[in-house]
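Chemist:
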Amino acid sequence: MTSPADPEVRSAPVPARRGTRPDAAPRDSRGLLLAALRREDGLTQVELCRATGLAPATVSAAVAALAAEGLVRVSATTRSGRRATRVQLAHGGALVGVHCYLDEVRVVLDRGDGEPVEAVVPLPGGPGAGQRAEHAVRAARALLDRVLRDSGTDPAAVAAVGVGVPAPVEVRTGRVAGAGVRAGWGGMVAAPALLAPAPGVPVLFDNDGNLGALAEARVGAGRGRRTVVHVALGEGVSGGIVVAGDVVHGRTGTAGELGHLTIDPDGPVCTCGNRGCLQVLAGASAVLELLAASHGPLTVPELLALAAAGDPGCRRVLSDVGRHLGTALASVCTVLDPDVLVVGGALAAAGDVLLDPLREVLAERTAVTAGAVVDVVAGRLGAGAPARGALLLARDAVLAGAAG
3 MTSPADPEVR SAPVPARRGT RPDAAPRDSR GLLLAALRRE DGLTQVELCR ATGLAPATVS
63 AAVAALAAEG LVRVSATTRS GRRATRVQLA HGGALVGVHC YLDEVRVVLD RGDGEPVEAV
123 VPLPGGPGAG QRAEHAVRAA RALLDRVLRD SGTDPAAVAA VGVGVPAPVE VRTGRVAGAG
183 VRAGWGGMVA APALLAPAPG VPVLFDNDGN LGALAEARVG AGRGRRTVVH VALGEGVSGG
243 IVVAGDVVHG RTGTAGELGH LTIDPDGPVC TCGNRGCLQV LAGASAVLEL LAASHGPLTV
303 PELLALAAAG DPGCRRVLSD VGRHLGTALA SVCTVLDPDV LVVGGALAAA GDVLLDPLRE
363 VLAERTAVTA GAVVDVVAGR LGAGAPARGA LLLARDAVLA GAAG
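Taken in order, the sequence shown gives residues 3 to 406; the numbers are from my numbering.
Structure, rendered in structure tokens:
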């Protein structure tokens, strides 16, 4: 994989106080500013001073130099009623984020001249069609071609493509793992060529749980927090861990597979071969199957609507999902001591019906010291989080080349 290899959980240096690095060399200033913007894009120059510890004059000079090189864009903004200078990362060419899921594909295009363009289509064949990797990838390529055509974007102008897939990705090679819980995605040797809009355009892969976490950490509900744990409640349960703006992949790329934490060793068999994984107890498929006997076939929107209307059975199963999450994630929070736990995915729209039981279990199991319970919030990016994360993956690759 061409993204930074295997970032480990490590202690980042504590930023110096504002104004304590007035003599930083230009190259040091450049690196500090780019790193700060990569973690949290769209900062004002005053916020960059705080984030880097650089003096205002040093930040101003470095921003001017980076803008002249085309690495950042500068614009006027208003913060707290005061005019300020907003600094954003720039990139040469368009960027694309793709999410191939089990029942749909989503494409996000960022041309750097406004809000990203997003499109989503269901996969022909209905739920589960995305189990066949080539089928999903070809549908994604067709959607990508349509988005480029409709926006008037030359395929050769695309600088990089990031792709999220519902399977583990080998960190060192960037390939979808040959074995895993999504056996239909094993290998995928042809995928980069299928998704490159023009010859030579780099295509980068990561697990969609990691990319959803990356997006929520940098531009969503976890923005501004150093350590973010993200869990997504979709058909199953996925997740990811982000520290100081980087995904924690672990040795093989499977760190953050929160859906396969064991809750009940004697529970139902999971697709991974183990019993009692969080996924088989808290994923949408498991919840809907549980309700089928009493409520008949339901969709997730129908489940959420019934719960909001006070249906006791629907509220009970969503409350149980929250408790299962708390049981599974208590150990994660004890080990990592994260700043925030972001809950995303379709079931997160249940709100406090699900989140309050989660908070209660975490308080029971992790409150080692007073006030130490992790902040639990709902995600902000919805189903589009993995595609937005794929866009960030593409941007990181381009900026790494430009800044290197």
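Every residue, glycine too, gets a C-beta built ideally from N, C-alpha and C.
1. DSSP three-state label for Thr-212, please.
2. Let me confirm a value: Ser-153 is counted as buried when at least 16 other C-beta atoms fall within 10 Å, else exposed. Which label applies?
3. Near Val-233, what residues of its chain come up, given a Cβ to Cβ distance below 6 Å and the 5 sequence neighbours on each side ignored?
4. Taking 8 Å as the threshold (C-beta atoms), are Pro-270 and Val-282 in contact?
5. When DSSP builds the beta bridges, which residues end up paired with Leu-111?
6. Could you have a look at Thr-273 and say whether DSSP puts it in helix, strand or coil?
7. Bridge partners for Val-344 per DSSP, in chain order?
8. Out of curiosity, what's the CA-to-CA distance linking Leu-146 and Gly-247?
9. Is it buried or exposed for Leu-360, if we count other Cβ within 10 angstroms and need 16 for buried?
10. Which runs of the beta strand (DSSP E), 3 residues or longer, sit entirely within the stretch 39 to 94?
11. Put Gly-324 into one of helix, strand or coil per three-state DSSP.
12. Identify, in the order they occur along the chain, each residue of the same chain with its Cβ nearer than 8 Å to the Cβ of Gln-47, setting aside the five sequence neighbours on each side.
13. For the stretch 199 to 206 against the stretch 214 to 230, do three or more pairs of beta-carbon atoms, one drawn from each stretch, fall closer than 8 Å, so that the two count as touching?
14. Taking its Cβ as the centre, do 16 or more other Cβ atoms sit within 10 Å of Gly-255, making it buried, or is it exposed?
15. Can you name the start and end residues of the beta strand (DSSP E) that Ala-162 belongs to?
16. Can you tell which of Asp-322, Ala-53, Val-107 has the C-alpha that lies nearest to the C-alpha of Val-167?
17. Should Arg-23 go down as buried or exposed, given a rule of 16 or more other Cβ atoms within 10 Å for buried?
18. Suppose you measure from the CA of Leu-50 to the CA of Gly-391; what does that come to, to the nearest Å?
19. Can you give the beta carbon distance from Ala-96 to Val-165, rounded, assuming they're within the 8 Å contact cut?
Modeler: Put simply:
1. The amino acid at residue 212 is misidentified as Thr; the sequence shows Asn. In the structure shown, Asn-212 sits in a helix (DSSP, three-state: H, G or I).
2. By the 16-neighbour rule on beta-carbons within 10 angstroms, Ser-153 is exposed.
3. Once the five neighbours on either side are set aside, the close Cβ partners of Val-233 are Gly-241, Leu-260, Val-345.
4. yes
5. Answer is Val-98, Val-119.
6. coil
7. His-232, Val-379
8. 27 Å
9. buried
10. 74 to 81, 84 to 91
11. helix
12. Pro-58, Val-61, Ser-62, Val-65, Ala-86, Thr-87, Val-89
13. no
14. By the neighbour-count rule (16 or more Cβ atoms within 10 Å), Gly-255 is buried.
15. Per DSSP, Ala-162 belongs to the beta strand (DSSP E) from 160 to 167.
16. Val-107
17. Because Arg-23 carries a pLDDT of 42, less than 50, the predicted location of this residue cannot be relied on, and the following value inherits that uncertainty. Arg-23 should be labelled buried.
18. 23 Å
19. In fact, because the Cβ distance is near 15 Å, the residues do not count as touching under 8 Å.
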